[in-house]
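Undergrad: Handing you this structure, nothing more for now.
In my numbering, the protein residues as written are 1 to 174.
As structure tokens, this is what we get:
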């Protein structure tokens, strides 16, 4: 499969839709922010609008690798580790770090997506998908992220929108 050139995150659907040259190639469940949508630093919200993948982190790490400060801790997530750190926001396996493309809306100042450390990242399988529960990031199943990661180049366009996408949610993948 060739590289994807657009990721569309639907807040209403809690789904990621991946496209190559306008053709729907990937459909994956996600979990966006418990606090809803918003662009301000410290809001705990998922930012809207046009973004791009600014950095890809974790290539070659094992599934379930625990990332803190965008670096592997050397740990692999498991239920025992989770029990040791029950309040930790688990960032696992890979990171696709987003940067806003709309100055004043999701780029620069108090609304800068990149400086807010908004990622697409893996999360424990114990966390539900399709339910907004994150602190602002877009969470994916580790297995889904491991399949998605090699298809997403640096600079890939990412659109995050509130609207439902019924024609994509049931469409055949090409």
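Where is the CB? At the ideal position from N, CA and C, for every residue including glycine.
#1: Report the residue from 79, 63, 163 and 18 whose alpha carbon sits nearest the alpha carbon of residue 49.
#2: Do residue 151 and residue 138 have their beta-carbon atoms positioned less than 8 Å apart in this structure?
#3: Under the three-state reduction of DSSP, which class applies to residue 166: helix, strand or coil?
#4: Report all residues from its chain with a CB closer than 7 Å to the CB of residue 62; omit the five preceding and five following residues, and keep chain order.
#5: Could you check where the alpha helix (DSSP H) with residue 79 kicks off and where it finishes?
#6: Thinking C-beta only, is residue 113 closer than 8 Å to residue 47?
#7: Considering only DSSP beta bridges, list what residue 176 is partnered with.
#8: Note the first and the last residue of the continuous alpha helix (DSSP H) segment covering residue 148.
#9: If you draw a straight line from the C-alpha of residue 97 to the C-alpha of residue 116, how long is it?
TA: Concretely, from the data shown:
#1: 163
#2: no
#3: helix
#4: Same-chain partners within the cutoff: 76.
#5: Element bounds for residue 79: 79-84.
#6: yes
#7: A question about residue 176 goes unanswered here, because the residues of the chain that appear run from 1 up to 174.
#8: 142-148
#9: Going by the C-alpha atoms only, they are around 10 Å apart.
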